[in-house]
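Protein chains in written order, with the UniProt record's numbering: chain E, 1 to 730; chain G, 1 to 55.
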C-alpha cells in the first residue's frame, strides 16, 4: 500500500501556466544552504524558480503547471538534508508583511524629504546671521513647503490614522500629540512663510516623522519576523493524516482536510492528529503528551484514541470522531482562551510610559501658550512657543526607546536559540522570580535513549541496533540510534505487536517484547529496579539480553536549575506523571518543591495560587496538557519539540536538546529591560532639559533638530549594548 | 546667486531619482530577505535565480 501525498491544497495558480508553492524549511542558516537548496531544486526539470528567503526560512517555488507533483520538492529537500513542509501564509501574517512594507515606503519618503529640507534649512540658518536676502529666504522656505507638505501627508499616515482612530473612540494615545504637533507646525510654518518671517518649522516636523517611523518600523519588523518563524514552526509540525480514500487506497492529507466519519490509518511511530475510535488493529499508545502519563496504554477495537497520542506497536484503523477541533482539544482550548484573556491585562512598558506622557505634553504646551499670552506676548508668539514645546518634547526618543532594544535583544536571543512569540515577552521574562517546569519532554529529552548500554557486549549492541532498523517501533528506533546502526540486516520479518526476527549465520535472532524473546525474568529484574523504563529484549540462539530504554534528563538540566536558583529564581516541578518518577527527577535536580500526578486544572490552580501570593511565574512545558497553564503563567516557554498548541501559546520557544536557552532568555531579558528603562530615563531626562528652554521661547529650528536627533541617536546607541550578554558556560 | 534657481531644483531632482529607485527596489521585493542578501553578496554564486516578481 503506497500512500500518495496530496498537497494541492497549498498550490497557488499564477496564471500563464505557472504554479507556485511556499515551503517552510528547517535548518536553513547560512550561505551554503541557500545555494545548495536553490541549485538542487532548480536542477529538477520544469522548475522555473527556486528562491530561498533566509530571513523567513522559506523557499518559494514555481514550475510549469501540471508538470510536477509538489511532493517531489519535499523529497528533493529531504535528500539534500532539509525537512520541509508546504506553507500557507495566514492572513494576519500577510497583513503584517504589507504593513511593514508600507512603513518602509513611508520611511523612504520621509527620509528623502528630511534630507532635502535640511539642505535648504542650513543656508537659511546661516544666512539669517549673515547676508541672506529676504527674497532668497522666502524662496527656500517655499521650496521646503513644497517638499515637506506632500511628504508629511504621505509619510505621516500611520500616525494620523492611529490618532484619528483613538480620538474617535474617545481615547488619547501617543500618536495624538505627534499628529497635533506636526500639523500645527506645518500650518504655522506656512503662515510664517507667507508673512516673510525668519523661521519656519518644516525641517523639524518632517524630521520628527522620520525618526518616529524608524522606531515604528523596527517594532513592526521584530513582530513580523517572529510571526514568520512561528508560522514556519507550525507548518513544519503540521499534522498530516493518512486517510483511506478507497477500501485499500490511502492518501496523505493535511489534518484540516479530515472530517468526522472518515477512516484513517495510524501506523506505528506516528502521532494521531485526530480523536477517534479504533475499528481494526491492536497496539500500545503513548498518551504522555495529553495526560503526562509515560506508561503505555494497550488499545484494541473500540478503544478511544485522542489527538496527540503516539502509536507504538501495531497499525490501527481509526474512525474519526472529531478532527482538529477535537473534544479533548476543545476542552483544553476553553481553558486556554480563559487564561489568555486573564493575561492580556498586562500593560507593556511603552504603553505605560505613553499613557503618562500624552496628557503631560498637552498640558505643558497649553500652559505655555496661556502663560505667554497672560505675560503679554502676542497670540502669534504664544502659539509659536506652544508648538516649540510640542515639537521638542517630540516622543521620538521615547518612540525609539523600546523597539530598538526589542529588536537588538530578540536578535541576540535568536542566536542563543530562543524565539520570541510576542514582543512584550522580554519585559515579562525579566520580571520572573519563580519558574515551574513540566517534567516529561521539558526537563527530559523528548526522545528515548538506552540507559543500560554499558551492561551489554558491544557486538550484541550493534547487532540489536541493525535488527532494530527493520522496525517502526519508537523504542526500536531509539535502540538503533543509540547503537549507531546504519545497515539493516537482510531478510528480517516483523511480527506485529511482538517484534522482528531474522536469521544470521544459521542462528535465529529476535528483537522485541520480552515474551517474544523469552526473556521475561531478565526484563522483570530491570523493571523492578527502574519502573520508569521501557524494555526491549534481544535473543540470539540461547543468549538473551534486555535493553532498558527511557527518556533521559536534558544534559544540562541540573546546571541550569542551579544557575536559575543562583539568580534568585525559585524552581518548582509540576508533572502529570506518577510520583516515583517525579520524585527521582526532583532529587536528581535538587528541586525542593515538586508535585506529581497533577491535572491541567491543578496546574492552573497552582499558578493562580502563586500569582495571588505575588510571584511572577514562568511556566516551561511542552505537552498539550500544559497549554492552558502556559497561558495562565505570567510568561511561558516551550521546547521546539512541544505540541503544536503549546508552542502557539508559549511566549518563547527554545531550540535544541539543551536547557541552556532558558538561562539565556532570562539573562538577555533582564539586560534588555534594564536598557529599556535606561532609554526611557534618557528620553525623559532629555525632555527635562529641553522643555524649559522651549517654554521660555528660545527654541530655534536648529536647537529643536539638534536636540531631537541627539536624543534619538543616544537611545539607539544605548540599545545596541544589548547585543552582548556575558554567557556562563554550563 | 541666480545659479541657485537652477541648482536647487537640480539637487531635488537627483534626490527624487534616489527616492524613486528606493520605491522601485522595495516594490521589487529587494528588502524582503535582508539576511539572505547579505550572504548572497559574498557567496560568489552568479547563477542564483532572480527574485520573484512581487507576490
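From the three backbone atoms N, C-alpha and C, an ideal C-beta is built for every residue, glycine too.
Within a 10 Å sphere around the beta-carbon of residue 688 of chain E sit fewer than 16 other beta-carbons, which makes this residue exposed. Remark: C-beta atoms of residue 500 of chain E and residue 471 of chain E approach each other more closely than 8 Å. Listed in chain order, the non-local C-beta contacts of residue 28 of chain E below 6 Å within the same chain comprise 57, local neighbours out to five positions each way being set aside.
Taking a contact as a CB-CB distance under 8 Å, the pair residue 285 of chain E and residue 299 of chain E counts as one, their CB atoms being some 5 Å apart.
Counting only runs of 4+ residues, the alpha helix (DSSP H) found wholly inside the region 389 to 428 of chain E occupies 396 to 415, in chain order.
Contact residues of the region 14 to 33 of chain G toward chain E are 15, 16, 18, 19, 22, 23, 26, 31, 32 and 33 (C-beta to C-beta distance below 8 Å). Considering only E/38, E/368, E/391 and E/362, the residue with the shortest C-alpha distance to residue 76 of chain E is E/38. When the beta-carbon positions are compared, residue 591 of chain E and residue 667 of chain E stay at least 8 Å from each other. Interface with chain E (8 Å Cβ-Cβ cutoff): residue 8 of chain G is included. Each residue's CA atom was taken as its position, placing residue 176 of chain E and residue 415 of chain E some 37 Å apart. Of the residues assessed, residue 465 of chain E falls on the buried side of the cut-off, its CB having 16 or more other CB atoms within 10 angstroms.
At a cut-off of 4 residues, the continuous stretches assigned as alpha helix (DSSP H) that sit fully inside the UniProt domain "HMA" (19 to 85) of chain E are 31 to 42 and 71 to 80. Residues of chain G whose Cβ lies closer than 7 Å to the Cβ of residue 114 of chain E do not exist, since the nearest Cβ in that chain is about 11 Å away.
Put simply, of E/598, E/401, E/303 and E/78 the residue whose alpha carbon is nearest the alpha carbon of residue 215 of chain E is E/401. Here the alpha carbon of residue 440 of chain E sits roughly 10 Å from the alpha carbon of residue 642 of chain E.
Using a Cβ distance threshold of 8 Å, residue 186 of chain E and residue 403 of chain E do not count as a contacting pair. Between the alpha carbons of residue 321 of chain E and residue 498 of chain E lies a distance of about 29 Å. Distance from the CA of residue 253 of chain E to the CA of residue 565 of chain E, rounded to the nearest whole angstrom, comes to 47 Å. With 16 or more neighbouring CB atoms inside 10 Å of its own CB, residue 96 of chain E falls in the buried class. The beta carbon of residue 479 of chain E is closer than 7 Å to those of 450, 464, 465, 468, 536, 547 and 549 in its chain, skipping five residues each way along the sequence. For residue 659 of chain E, the CB contacts under 6 Å within the same chain, skipping 5 residues up- and downstream, are 554, 556, 557 and 560 in chain order.
Taking a beta-carbon distance threshold of 8 Å, residue 77 of chain E does not count as an interface residue toward chain G. Residue 254 of chain E is bridged by DSSP to E/240. Taking 3 residues as the shortest admissible run, the region 487 to 568 of chain E contains the following complete beta strand (DSSP E) segments, listed from N- to C-terminal end: 493 to 495, 499 to 504, 507 to 512, 534 to 540 and 543 to 553. Residue 693 of chain E: member of the alpha helix (DSSP H) spanning 660 to 695, first to last residue. Residue 543 of chain E counts as exposed, since fewer than 16 other beta carbons sit within 10 angstroms of its beta carbon. Counting the other Cβ atoms within 10 Å of the Cβ of residue 545 of chain E gives 16 or more, which makes it buried.
Residue 431 of chain E: not part of any beta strand (DSSP E); DSSP gives it neither H nor E.
Residue environment for residue 603 of chain E: buried (at least 16 other C-beta atoms within 10 angstroms of its C-beta).
Under a criterion of Cβ atoms nearer than 9 Å, no residue of chain G is adjacent to residue 718 of chain E; the nearest Cβ is some 23 Å distant.
For residue 133 of chain E, no beta strand (DSSP E) encloses it, and the DSSP letter there is neither H nor E. Boundaries of the alpha helix (DSSP H) harbouring residue 627 of chain E: 627 to 632, taken from the DSSP string. In this structure, residue 59 of chain E sits near residue 23 of chain E, with a CB-CB distance shorter than 8 Å.
Beta-bridge pairing by DSSP links residue 285 of chain E to E/297 and E/311.
Residue contact with chain G for residue 129 of chain E: absent (no Cβ-Cβ distance below 8 Å to any residue of chain G). With fewer than three CB-CB distances shorter than 8 Å, the region 511 to 518 of chain E does not count as touching the region 575 to 585 of chain E.
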